[in-house]
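Chains G and R are the protein sequences, given in the same order. Just so we're on the same page, the working numbering is the position in the first sequence counted from 1, plus 1. Just so we're on the same page, the working numbering is the position in the second sequence counted from 1, plus 62. Glycine included, C-beta positions come from ideal geometry on N, C-alpha and C. Below is one structure, written out as structure tokens, with a few remarks after it.
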Amino acid sequence: MYQNNHINVRNLNVHFDNNHVLKNINVEIPDKKITAIIGSSGCGKTTFLKCMNRLIDSVDGVKITGELLVDGENIFDPKTDVTLIRKKMGLLSQRPYPLPMSIYDNVAYGPRIHGEKSRKKLDHIVEYYLKEASLWEEVKDRLKTPAARLSIGQQQRLCLARGLAVEPEIILGDEPTSALDPQSSQNIEQKFLELKDKYTIIMVTHILRQAKRIADYLIFIHLGEIIEHGPAKEILENPKEKKTKEYISGIIS
Amino acid sequence: MDKRKIEESIFKILMRVATLSIVISLAVILISIIYKAIPVMNWGMISQTPQGGFYLGENGGVLNAILGSLYLATGATILALMLSFPIVFYINIYAKKGSWFVHTVRLCFDILWGIPSIVYGAFGFSIMILLGMRTSLFAGIIVIALVILPIIVRALDEVVRMIPQGLLDASYSLGATKTQTSVKIVTRQALPGLITAILIAFGRGIGDAAAVLFTTGYTDNVPTSLFDSAATLPLAIFFQLGSPVEAVQNRAFASALILTIIILSISILARYFSGKYNKFKV
């Protein structure tokens with residue numbers, strides 16, 4: 002059904018010391034769709050997301066086996082340049098972490114570290130991606146002010162603009178709305194729906210209603226195993242597995 | 063009255079007294095220095111080196127010691143900073159967190175912090191004898207850098223350790239390397255703390271007498287090269303106080319006032335700059 006997808010996971014296993022956190026994960030993630038990873042807390046969904054851009058590397062005592070192919074390339078191959086993998090993905094974390102610099106420099110940070118020096122181009126990039134994240138109108142007169150002064154909802158949109166500015170193909174969201182107020186959450190969800198034409202979006206969420214609202218594809222993880230995955234509609238309306246049914250009906254949470 | 067209320071007010075009074083005693087002791091120190099310094103303070107104290115008869119109470123000043131101290135403390139602070147950045151980046155960003163090596167390094171710095179500066183001085187002195195070196199600004203800078211290195215490293219380490227992993231991850235996830243993250247993000251975020259660390263270290267360096275006694279020496283001349291001996295303000299105070307001539311003894315307080323003013327102005331400058339950069343911190 003989904004041929005030549007960006008992300009293809011084969012027999013992925015993750016251990017933290019003696020803890021088997023992800024067990025034999027096999028899944029293909031569809032392009033240009035919103036894929037939601039759902040499951041109870043501590044089930045390994047954030048770990049799974051962190052595997053994709055190898056932020057998992059900075060966790061102590063981690064051992065990974067199996068393959069995670071991004072555009073056909075196994076990202077756990079020692080020869081892989083991890084910065085290039087990460088450049089392909091923008092990350093929205095649970096709470097926004099603006100960089101300790103101005104709004105402008107936050108968006109320009111990515112392009113700059115990848116070698117863009119032209120002021121004119123940077124100006125253009127900053128404006129373009131702030132517009133893309135629907136933040137431009139609110140900040141265009143104070144681009145030089147510290148990003149930390151923005152409201153938390155604005156900060157999350159700034160992080161989105163910053164992530165998009167490195168021209169990724171994939172957007173990763175780790176419960177990106179969990180720290181936000183309802184209005185800001187809605188903004189982010191709306192943004193995701195607009196962006197899915199251009200990007201493959203993978204988000205971890207513990208809010209089932211959010212998954213219902215925006216996800217095209219669902220992956221349900223329970224205790225480190227994928228119990229079920231498939232088009233969101235099918236899973237939500239007609240779960241095949243007992244565990245999925247229990248999760249969706251709120252028996253396990 | 064309620065017993066708990068009495069307890070509460072007694073503690074409040076105790077805390078106020080303790081806090082106030084700090085302010086009072088600073089005020090008393092300043093007033094006593096100023097009181098003794100004013101009669102002998104003149105432009106010559108700052109603008110001249112010791113002239114003939116200076117140590118008998120005649121003309122001259124401590125320009126040699128002012129410049130010597132500034133050169134020494136600045137050189138040592140720069141040298142210590144150049145060493146401390148790689149150390150702090152390494153133990154916080156590159157090395158495996160919680161590894162025995164990182165623990166050992168931190169322990170080493172705690173011990174180094176506790177070693178009295180005279181021991182550093184004696185150590186430096188014995189190395190100099192071994193190499194056949196004479197007392198010089200260069201030797202003093204190295205020894206003072208060793209004295210203040212643990213202060214800067216531990217202060218900077220505390221600040222960098224407080225940086226949330228999420229902030230580092232934000233930088234990594236944009237494709238930044240550890241070096242780019244260290245230089246552009248960690249340094250920025252740690253800047254206010256770093257400035258405080260530099261201030262403390264500089265103050266400690268410029269005020270240290272014991273470590274420079276054997277290594278920098280003392281001279282009436284302003285040093286013209288790194289390999290000249292140099293005078294320092296703490297030693298100037300020490301020698302002047304030890305003089306039997308009263309006019310010279312009073313000059314010790316003038317020298318002390320100059321030293322205090324230097325430290326005070328650096329402290330104020332540091333606060334100004336740290337406040338200025340604090341606004342970017344997240």
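Just the Cα atoms here: how many angstroms apart are LYS80(G) and TYR234(R)? 18 Å
Selected residue, minimal CA-CA separation from LYS89(G), among ILE26(G), LEU165(G) and HIS125(G): LEU165(G)
How about VAL150(R): is its C-beta nearer than 7 Å to some C-beta of chain G? no
Can you tell me where the beta strand (DSSP E) holding TYR218(G) begins and where it ends? 218 to 223
Are ALA292(R) and THR277(R) close, meaning C-beta to C-beta below 7 Å? no
Chain-ordered residues of the stretch 221 to 247 of chain R with a beta carbon less than 8 Å from chain G: PRO226, GLN227, GLY228, LEU229, LEU230, ASP231, ALA232, SER233, TYR234, SER235, LEU236, GLY237, ALA238, THR239, GLN242, LYS246 and ILE247
Inter-residue Cα distance where the pair is TRP175(R) and PRO183(G): 51 Å
Is the separation between the beta-carbon of TYR130(G) and that of GLY228(R) shorter than 7 Å? no
Taking VAL205(G) and LEU50(G) to be in contact with their CB atoms under 8 Å, please state how far apart those CB atoms are, rounded to whole angstroms. With a Cβ gap of about 5 Å, VAL205(G) and LEU50(G) count as contacting.
Element boundaries [alpha helix (DSSP H), containing ALA259(R)]: 249 to 269
Within the stretch 134 to 165 of chain R, ranges of the beta strand (DSSP E) (whole runs, at least 3 residues): Taking 3 residues as the minimum length, the stretch 134 to 165 of chain R contains no beta strand (DSSP E) run wholly inside it.
Since THR84(G) meets chain R, which of its residues come closer than 8 Å, beta carbon to beta carbon? GLY237, ALA238 and THR239
Check whether the Cβ of ASN54(G) lies closer than 7 Å to any Cβ atom in chain R. yes
Beta-carbon separation (whole angstroms), ALA238(R) vs ILE114(G), contact threshold 8 Å: 5 Å
Rounded to whole angstroms, what's the CA-CA distance from SER146(R) to ARG250(R)? Just pull it up for me. Distance between the alpha carbons of SER146(R) and ARG250(R): 16 Å.
Boundaries (first-last residue) of the beta strand (DSSP E) holding PHE17(G): 8 to 17
Rounded to a whole number of angstroms, what is the C-alpha to C-alpha distance between VAL284(R) and ILE225(R)? 44 Å
Mark LEU331(R) as exposed unless 16 or more other C-beta atoms lie within 10 angstroms of its C-beta, in which case mark it buried. Under this definition LEU331(R) is an exposed residue.
Taking any Cβ of chain R, which residues in the stretch 76 to 104 of chain G have a Cβ under 9 Å from it, in chain order? VAL83, THR84, LEU85, ILE86, ARG87, LYS88, LYS89, MET90, GLY91, LEU92, SER94, GLN95, ARG96, PRO97, TYR98, PRO99, LEU100, PRO101, MET102 and SER103
Taking C-alpha atoms, which residue in ASP175(G), ARG87(G), SER41(G) and MET102(G) lies nearest to GLU168(G)? ARG87(G)
Taking buried to mean at least 16 other C-beta atoms within 10 Å of its own C-beta, is LEU76(R) buried or exposed? LEU76(R) should be labelled exposed.
With 7 Å as the C-beta to C-beta threshold (strictly closer), list the residues of the stretch 153 to 168 of chain R near chain G in chain order. LYS158, LYS159 and GLY160
Rounding to the nearest angstrom, what Cα-Cα distance links MET2(G) and ASP32(G) in this structure? Per-residue confidence for MET2(G) stands at a pLDDT of 39, beneath the threshold of 50, marking its modelled position as unreliable; no derived number is given.
From the DSSP output, in three-state form, read off LYS234(G) for me. helix
Does the beta-carbon of HIS7(G) have 16 or more other beta-carbons within 10 angstroms, so that it is buried, or is it exposed? buried
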